[in-house]
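All remarks here apply to the structure that follows.
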Amino acid sequence: MPTASIGRSRRSATSRAASGPDAPPKNTMPEPTHAAIFDLDGTLIDTYDAHHAAWRTACAANGIELTPAMFAWSFGRTNPAIIRRFWSDEGRPEPDDETIERVAESKETDFRTELERVFPAMPGVPELITGLRERGFAVAIGTSAPRENLELAVDRLGIGDLLDASVCGGEVVHGKPDPEVFLLAAERLGVSPNRCVVVEDAGAGIDAAQAGEMSSIGIISTGRTAAELVHADLVVDRFDVLRPADFLRLLDGH
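So that you can map any letter, position 58 of the sequence shown is 57 in numbering that gives the first Met the number 0, and since no number is skipped, the others follow by simple counting.
As structure tokens, then:
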């Protein structure tokens, strides 16, 4: 699988062939003052079916029946948190680290296999991110997913050169609804949290944005409801209706 280039330097892109005494000074692009941070699963790609199939298989292999409520709770959360919750729901002792790693690795391998077979990209992703960059936004992905999943998705979406940073579930101590993943993304972008807009499809992600004092946009993707996104500043039913102006209005308080 090809590895996507994630996190292009905004400043280095401005100083290319120009040289000599009359050339403009290098590395002069101003630091961004606002940012868009995107969740991955259910936001940039519709992974509901692939995740459901992979979790169902992983649970069955461990003698657990995946219920709709269990699967719905998993949205936006890290694998260790999900696996501990599934074991707890079955009245089992908390799984050790080796068990968590084994179950998570098996589940994610199945998930990526399915994603390689069918890649359900949300329409309009490159176009929106390009438009945001043209309006001075720094852009990042903040996801609970493993790095391998992110690299696969970014490669298939063709947006590696449009991203300034990314944060994955394995890089944070606390998963959503804790704001750590989004706060770290903002830090890597060099943008104040209150000048960031988070785009999410899960209630845990919207709550994480709110806890990080960021504006938020909720997307009602497959398996989600508007009620789950009640704390979002803006709720839409499709990714491709979003425009850069929506992000600017949220930051301006309109």
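Glycine residues also receive a C-beta, built at the ideal position from the N, C-alpha and C atoms.
Contact with chain C by residue i, beta-carbon distance below 7 Å
{"i": "LEU131", "result": "Although the question refers to chain C, the structure presented lacks it and comprises just one protein chain."}
Whether residue i touches residue j by CB criterion (7 Å)
{"i": "GLY141", "j": "VAL180", "result": "yes"}
{"i": "SER220", "j": "ASP200", "result": "yes"}
{"i": "ALA120", "j": "ILE216", "result": "no"}
{"i": "ALA208", "j": "LEU114", "result": "no"}
{"i": "SER84", "j": "SER143", "result": "What sits at residue 84 in the sequence shown is Arg, not Ser. Cβ atoms of ARG84 and SER143: not closer than 7 Å."}
{"i": "VAL124", "j": "LEU156", "result": "yes"}
Nonlocal neighbours in the same chain, by C-beta distance under 6 Å from residue i, ignoring five residues either side
{"i": "ILE36", "result": "ALA139, GLY141, PHE181, ALA184, CYS195, VAL197"}
{"i": "ASP109", "result": "ALA53, THR56"}
{"i": "GLU147", "result": "none"}
{"i": "CYS58", "result": "LEU65"}
{"i": "TYR47", "result": "THR221, GLY222"}
{"i": "SER214", "result": "VAL196, ASP232, LEU249"}
{"i": "GLY41", "result": "ASP200, SER220"}
{"i": "VAL166", "result": "GLY141, VAL180, LEU183, ALA184"}
{"i": "LEU247", "result": "none"}
Selected residue, minimal CA-CA separation from residue i, among the options
{"i": "LEU241", "options": "ASN61, ALA225, GLU126", "result": "GLU126"}
{"i": "LYS106", "options": "SER165, ILE81, LEU188", "result": "ILE81"}
{"i": "ARG223", "options": "ARG132, ALA210, PHE74", "result": "PHE74"}
{"i": "HIS230", "options": "ASP206, ALA244, THR46", "result": "ASP206"}
{"i": "GLY204", "options": "LEU228, PHE70, CYS167", "result": "LEU228"}
{"i": "ALA210", "options": "VAL190, LEU161, LYS175", "result": "LYS175"}
{"i": "ILE128", "options": "GLY90, ILE158, ARG84", "result": "ILE158"}
{"i": "ARG237", "options": "PRO122, ASP245, GLY62, TRP72", "result": "PRO122"}
{"i": "ASP88", "options": "ASP177, LEU161, GLY62", "result": "GLY62"}
Cβ-based burial, residue i [other Cβ within 10 Å; buried from 16]
{"i": "GLU150", "result": "buried"}
{"i": "ASN78", "result": "buried"}
{"i": "ASP239", "result": "exposed"}
{"i": "PRO92", "result": "exposed"}
{"i": "ARG111", "result": "buried"}
{"i": "VAL102", "result": "buried"}
{"i": "GLY90", "result": "exposed"}
{"i": "ALA60", "result": "exposed"}
{"i": "ASP38", "result": "buried"}
{"i": "ILE153", "result": "The sequence shown places Val at residue 153, not Ile. When all chains shown are included, VAL153 counts as buried."}
{"i": "PRO67", "result": "exposed"}
Delimiting residues of the beta strand (DSSP E) encompassing residue i
{"i": "CYS58", "result": "Not the beta strand (DSSP E): CYS58 falls in the alpha helix (DSSP H), residues 47 to 60."}
{"i": "ILE216", "result": "214 to 218"}
{"i": "LEU233", "result": "233 to 235"}
{"i": "ILE36", "result": "33 to 37"}
{"i": "SER165", "result": "164 to 166"}
Residues of its chain near residue i, where Cβ-Cβ distance is below 7 Å and the 5 sequence neighbours each way are ignored
{"i": "VAL171", "result": "GLU179, VAL180, LEU183"}
{"i": "GLU225", "result": "Per the sequence shown, residue 225 should be read as Ala rather than Glu. Closer than 7 Å at Cβ, skipping near neighbours: ILE219, VAL234."}
{"i": "LEU188", "result": "PRO31, ALA34, ALA137, ALA139, ASP163, ALA164"}
{"i": "GLY169", "result": "PRO145, ARG146"}
{"i": "HIS51", "result": "PHE70"}
{"i": "PRO243", "result": "GLY130, LEU131, ARG134"}
{"i": "PRO192", "result": "LEU182, ALA185, GLY211, GLU212, MET213"}
Enclosing alpha helix (DSSP H) for residue i [first to last residue]
{"i": "GLU227", "result": "Per DSSP, GLU227 belongs to no alpha helix (DSSP H) and is neither H nor E."}
{"i": "ILE205", "result": "202 to 210"}
{"i": "ILE99", "result": "96 to 116"}
{"i": "ALA137", "result": "ALA137 -> not in any alpha helix (DSSP H); beta strand (DSSP E) instead, spanning 136 to 141."}
{"i": "PHE70", "result": "67 to 73"}
{"i": "GLU179", "result": "179 to 188"}
{"i": "GLU126", "result": "124 to 133"}
Check: residue i C-beta below 6 Å from any heavy atom of the ligand NAD
{"i": "ARG187", "result": "This structure does not include the ligand NAD; it has no bound ligands of any sort."}
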